[in-house]
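Read in order, the letters of the sequence shown are residues 28 to 306 in my numbering.
Don't be surprised by glycine CBs; every beta carbon is placed ideally from N, CA and C.
Before any comments, here is the structure.
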Amino acid sequence: MKLVKTRQELADIVTQWHRAGETIGVVPTMGSLHAGHLALVKALDGKATRRIVTIFVNPIQFNNPDDFHLYPRGLEADAALLEETGGVDILYAPDETQIYAPGFSTRVVVSGLDAMLCGGDRPGHFDGVATIVTKLFMQTRADIAAFGEKDFQQLCIVRRLVQDLDLPVSILPVPTVREADQLALSSRNRRLTPVQRARAAHLPASLHTCIAELKAGKNLETCLKTCWHDLEEAGFTVHYLELRSGKNLQATQPSDPSARLFVAASLGDVRLIDNMPLC
Ligand code: PAF
């Protein structure tokens, strides 16, 4: 695996690959890699002959500067993990000058999808995500890009922008990787205290219970209220808990085959998100 830090070096390698008829897969990340990221790399098996992992902690997707500064960083450990796992040709880890030149003033806005769910209390977050993802697609010139279903809203936004802007990249959704107690893997889990970590398992457990009740035909509003209450009892501050279409993220009913339950809830100052399909 080669560590590449400049967009010029990346462009030179990618040009050679394209000339040689290679197909390029990319996994965009902000580092602090874990088994969820490795599953994204693995998902490209058989779909791309060359694989790039990008690591860039994108300042414009953080609405809180403290959150940006506190975001865990560890390029050496991330590089060692990728090297040990194998299958990655390039680790692209640009600094800010390679991404946002002085005077940078363009934003990619995926209207509508960006304002609901996580967009509600993180204004501008998805504009930042859509902008960096577009830039990384242009810089890597990838044919295929893997995104985790854990960030399902992000996945929907990326799909929309690729379709709307005719970007020549296909999007590969990858199922959420979970711990033994079903907590979805996330770099943020490292910020949980041991007590909070034990409590965090209530999040997937409550979603499972809510889904079982919905499948048993119970009333949607009652199920959501009970689940919200259970999460509060377990110590969470709940930001949203909603049933939405997995196709367009609009509010939906349990009879919708694409319906998914979406939640964002915090333990202390650690905000966790999760989502699960009903079917
Ligand atoms: O999911 C993430 O880690 C980030 O939002 C992404 C897609 C790498 C853009 O910065």
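Which residues in the same chain as residue i place their Cβ atom closer than 8 angstroms to its Cβ, once the five residues preceding and following it in sequence are excluded?
| i | result |
| --- | --- |
| E176 | L182, P200, V201, P202, T203 and N302 |
| C250 | C237, E240 and L241 |
| I13 | Any question about residue 13 goes unanswered here, given that the chain covers just 28 to 306. |
| I159 | P55, F83, N85, I87, Q88 and I126 |
| R205 | A211, L212 and P231 |
| L144 | Q180, Y267, E269, R271, L276, F289 and A291 |
Alpha carbon to alpha carbon, how far is residue j from residue i? Give it in angstroms, no decimals.
| i | j | result |
| --- | --- | --- |
| E49 | T76 | 6 angstroms |
| D296 | W44 | 44 angstroms |
| K74 | T167 | 16 angstroms |
| P129 | G146 | 27 angstroms |
| A120 | K252 | 44 angstroms |
| T275 | F179 | Note that residue 275 is Asn in the sequence shown here, rather than Thr. Approximately 11 angstroms between the Cα atoms of the pair. |
| L210 | C306 | 19 angstroms |
| A307 | S285 | Nothing about residue 307 can be read from this structure; the chain reaches only from 28 to 306. |
| D72 | E260 | 43 angstroms |
Just checking residue i against the ligand PAF - is the residue's beta carbon closer than 7 angstroms to any of the ligand's heavy atoms?
| i | result |
| --- | --- |
| M57 | yes |
| N85 | yes |
| I159 | yes |
| D178 | yes |
| Q125 | no |
| Q181 | yes |
| E204 | The residue asked about is misnamed: residue 204 is Val in this sequence, not Glu. For the ligand PAF, not one heavy atom lies less than 7 angstroms from the Cβ of V204. |
| V156 | yes |
| Q190 | no |
| Q88 | yes |
Only counting the same chain, and skipping five residues up and downstream in sequence, which positions put a Cβ closer than 6 angstroms to that of residue i?
| i | result |
| --- | --- |
| L163 | P55 and T81 |
| F95 | P86 and F89 |
Less than 8 angstroms between the CB atoms is what I'm expecting for residue i and residue j, so what's the real figure, rounded?
| i | j | result |
| --- | --- | --- |
| N216 | R224 | 7 angstroms |
| I117 | I171 | Incorrect: roughly 15 angstroms between the Cβ atoms, too far for contact. |
| L219 | L294 | 6 angstroms |
| A169 | G52 | 6 angstroms |
| S272 | D283 | 6 angstroms |
Can you list, in chain order, the residues of its chain with a C-beta nearer than 7 angstroms to that of residue i? Leave out the 5 residues immediately preceding and following it.
| i | result |
| --- | --- |
| P150 | N90 |
| A106 | L30 and L118 |
| W255 | V265 and L268 |
| P99 | S59, S214 and R217 |
| V189 | V196 and I198 |
| E111 | none |
Between the beta-carbon of residue i and the beta-carbon of residue j, is there less than 8 angstroms?
| i | j | result |
| --- | --- | --- |
| V84 | M28 | no |
| L234 | L194 | no |
| P281 | L247 | yes |
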